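S.K.: Questions regarding the structure given below will be posed in turn.
Following this line, the structure appears as structure tokens:
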């Protein structure tokens, strides 16, 4: 997961939820704080899923 400052001054969040082969999410924010908050939201959403032992 990374948050990078773009040339236009906005911030780009680039993350893969679920590891290397997981879904890639890329979003652009005006403020770094918004990008960090969204990143934490995505991680929390991922961790709140129920674990299914049959799927592993």
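Numbering (full-length UniProt numbering), first residue to last: 1 to 56.
Built from N, CA and C at the ideal position, the CB exists for glycine as well.
Given the structure is predicted, the values throughout are model-derived calculations rather than measurements.
For residue 15, count the other beta carbons within 10 Å of its own beta carbon; 16 or more makes it buried, fewer makes it exposed. Which is it?
M.R.: Answer is buried; the Cβ neighbour count reaches 16.
S.K.: Secondary structure at residue 45, three-state DSSP: helix, strand or coil?
M.R.: In this structure, residue 45 counts as helix in the three-state DSSP scheme.
S.K.: Have a look at residue 29 and residue 18 and give me their C-alpha separation to the nearest angstrom.
M.R.: Their backbone Cα atoms lie some 22 Å apart in a straight line.
S.K.: Rounding to the nearest angstrom, what Cα-Cα distance links residue 44 and residue 12 in this structure?
M.R.: Answer to the nearest angstrom: the Cα atoms are 19 Å apart.
S.K.: Drop a sphere of 10 angstroms on the beta-carbon of residue 54, count the other beta-carbons inside from all chains shown, and report buried for 16 or more, exposed for fewer.
M.R.: The residue is exposed, with fewer than 16 neighbouring Cβ atoms inside 10 Å.
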